[in-house]
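Down below is the structure, laid out as structure tokens.
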Amino acid sequence: MAMDMPEKNYNIARPYLKWAGGKTQLLFELEKRLPSSIKESRIIERYVEPFVGGGAMFFYLKNYYQVRESLLLDINPELIIAYQVIQRDPHKLIALLMSMEEEHLKKSEDARKDNFYRIRDEFNQNRLLINYEEYGDEWISRAASLIFLNKTCFNGLFRLNSKGEFNVPFGRYKNPRICDEVNLQAVHQALKKTEIQCADFTQARQYINEDTLVYLDPPYRPLNSTSHFTNYSRERFSDLDQKKLAKFYREMDSRGAYLILSNSDPKNNDPNDNFFDELYHGYEIERVPAKRNINSNITRRGEIKELIIRNFKE
Ligand SMILES: C[S@@+](CC[C@H](N)C(=O)[O-])C[C@H]1O[C@@H](n2cnc3c(N)ncnc32)[C@H](O)[C@@H]1O
Numbered sequence: 034m035a036m037d038m039p040e041k042n043y044n045i046a047r048p049y050l051k052w053a054g055g056k057t058q059l060l061f062e063l064e065k066r067l068p069s070s071i072k073e074s075r076i077i078e079r080y081v082e083p084f085v086g087g088g089a090m091f092f093y094l095k096n097y098y099q100v101r102e103s104l105l106l107d108i109n110p111e112l113i114i115a116y117q118v119i120q121r122d123p124h125k126l127i128a129l130l131m132s133m134e135e136e137h138l139k140k141s142e143d144a145r146k147d148n149f150y151r152i153r154d155e156f157n158q159n160r161l162l163i164n165y166e167e168y169g170d171e172w173i174s175r176a177a178s179l180i181f182l183n184k185t186c187f188n189g190l191f192r193l194n195s196k197g198e199f200n201v202p203f204g205r206y207k208n209p210r211i212c213d214e215v216n217l218q219a220v221h222q223a224l225k226k227t228e229i230q231c232a233d234f235t236q237a238r239q240y241i242n243e244d245t246l247v248y249l250d251p252p253y254r255p256l257n258s259t260s261h262f263t264n265y266s267r268e269r270f271s272d273l274d275q276k277k278l279a280k281f282y283r284e285m286d287s288r289g290a291y292l293i294l295s296n297s298d299p300k301n302n303d304p305n306d307n308f309f310d311e312l313y314h315g316y317e318i319e320r321v322p323a324k325r326n327i328n329s330n331i332t333r334r335g336e337i338k339e340l341i342i343r344n345f346k347e
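End of the sequence shown = 347 in our numbering, gap-free, step of one.
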């Protein structure tokens, strides 16, 4: 586990990608529910986030607390490549992204669209060639393409089709900010001495002890049978996975870790749906107002609740 010494952060780090289920909107509710010992001391001995996604909570905590050790996991290899590149090669990444931005913004709307599809095609073809196991220079251009696509695609999503191809269409933006250099530098600072792994959440097990704060934000259980927007990877996170996660939660609870889990509330759609109430019976289950940005069920936008489940009160 990587050790971080107290270090002054001059710039606020924010998620560098727009990610489905991103938790920026929920930070206020989550911070209120941190263990009181952490709120008082402003120190987090060990932080583990097994479903890091865009990392809203991690970056927030790094900005305002002293996080001594941290581990971030996600099963999405493209996302983890981008994190590792920002950690190791921020300058090369920024230089590449800057030239991509310059190139793109001087084009007409139609030419921008062609440019987007060219980069998307290349990104999809290269996935068969890239070595996901070993860090290499080709990771830098892959991370740059992912960030470019995320900033220029429709709705700023990352979504793969059943063949594993990125298939989000072109989005029309006046002046997309493709290279946010200041934030990328701040993210780089925040990631220094953080361990980042592409792995299933269960792999976090070995790092979790009584000094650990674990924030778990798994893929949402779809609000209804048609909302499949949580396809971060080809595999869906099924009810069976949610059950496996609840078992993991109980196991980590018995180790004495502080656990905070968030998820969509199925009661938004069906007040009789007790799926999570049953899975997490005996824990602190709270329902807080949340705005869901990426929701296929547009009529319910803005009026939903999110679940926050903790294994502690104070
Ligand atoms: C709701 S998102 C997390 C969003 C994040 N909290 C944020 O603020 O952006 C869920 C994440 O879990 C990842 N994921 C899905 N299945 C996983 C698994 N079995 N193990 C680890 N990560 C997984 C997805 O790739 C996705 O990035």
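Backbone N, C-alpha and C define an ideal beta-carbon position, used for all residues, glycine too. A quick note: this is a predicted structure, and the numbers were derived from the prediction, not measured.
Short Cβ contact (8 Å threshold) for residue i with residue j
{"i": "G130", "j": "I211", "result": "Sequence check: residue 130 is Leu here, not Gly. The answer is yes: Cβ separation under 8 Å."}
{"i": "G54", "j": "P255", "result": "no"}
{"i": "K56", "j": "L63", "result": "yes"}
{"i": "L50", "j": "P123", "result": "no"}
{"i": "I342", "j": "Y316", "result": "yes"}
{"i": "Q99", "j": "R75", "result": "yes"}
{"i": "R121", "j": "Y168", "result": "yes"}
{"i": "V391", "j": "I293", "result": "Residue 391 lies beyond the residue range present for the chain, which begins at 34 and ends at 347; the question has no answer from this structure."}
{"i": "A176", "j": "M133", "result": "no"}
{"i": "K346", "j": "V321", "result": "no"}
{"i": "A223", "j": "Q58", "result": "no"}
{"i": "F191", "j": "T235", "result": "no"}
{"i": "A89", "j": "P48", "result": "yes"}
{"i": "A219", "j": "L104", "result": "no"}
{"i": "P209", "j": "T227", "result": "no"}
{"i": "A290", "j": "E243", "result": "yes"}
{"i": "F181", "j": "F203", "result": "no"}
{"i": "C231", "j": "P110", "result": "yes"}
Environment of residue i [buried if 16+ CB atoms lie within 10 Å]
{"i": "E336", "result": "exposed"}
{"i": "D107", "result": "buried"}
{"i": "A144", "result": "exposed"}
{"i": "Q239", "result": "exposed"}
{"i": "H221", "result": "buried"}
{"i": "D154", "result": "exposed"}
{"i": "S69", "result": "exposed"}
{"i": "S141", "result": "exposed"}
{"i": "P299", "result": "buried"}
{"i": "H261", "result": "Since pLDDT at H261 reaches only 46, below the 50 mark, its modelled position is unreliable, and the value read off the structure follows with that caveat. Per the 10 Å Cβ criterion, exposed."}
{"i": "F309", "result": "buried"}
{"i": "L193", "result": "buried"}
{"i": "D250", "result": "buried"}
{"i": "W52", "result": "buried"}
{"i": "S329", "result": "Below a pLDDT of 50, predicted positions are generally treated as unreliable, and S329, at 45, falls in that range; no measurement from the model is reported."}
{"i": "L273", "result": "exposed"}
{"i": "N305", "result": "exposed"}
{"i": "Y150", "result": "exposed"}
{"i": "V215", "result": "exposed"}
{"i": "L162", "result": "exposed"}
Limits of the alpha helix (DSSP H) - the one that residue i falls within
{"i": "I211", "result": "Taken as a continuous stretch (DSSP letters only), I211 belongs to no alpha helix (DSSP H), as it is neither H nor E."}
{"i": "N157", "result": "142-159"}
{"i": "V118", "result": "110-121"}
{"i": "N58", "result": "For clarity, residue 58 is Gln in the given sequence; the question names Asn instead. Looking at the DSSP string, Q58 is not in any alpha helix (DSSP H), and its letter there is neither H nor E."}
{"i": "R283", "result": "272-287"}
{"i": "I180", "result": "171-185"}
{"i": "A89", "result": "89-97"}
{"i": "K72", "result": "69-74"}
Residue i, enclosing beta strand (DSSP E) - first and last residue
{"i": "D306", "result": "Where D306 is concerned, there is no enclosing beta strand (DSSP E), given that its DSSP letter is neither H nor E."}
{"i": "T235", "result": "Taken as a continuous stretch (DSSP letters only), T235 belongs to no beta strand (DSSP E), as it is neither H nor E."}
{"i": "N200", "result": "It is not in any beta strand (DSSP E) - N200 carries neither H nor E in the DSSP assignment."}
{"i": "I342", "result": "337-343"}
{"i": "R320", "result": "317-323"}
{"i": "I293", "result": "291-297"}
Per DSSP, cross-strand counterpart(s) of residue i
{"i": "R79", "result": "E102, T245"}
{"i": "D107", "result": "C231"}
{"i": "L349", "result": "Since the displayed the chain opens at 34 and closes at 347, residue 349 lies outside it and no answer follows."}
Check: residue i C-beta below 7 Å from any heavy atom of ligand 3
{"i": "W172", "result": "In the structure shown, ligand 3 is absent; the only ligands present are ligand 1."}
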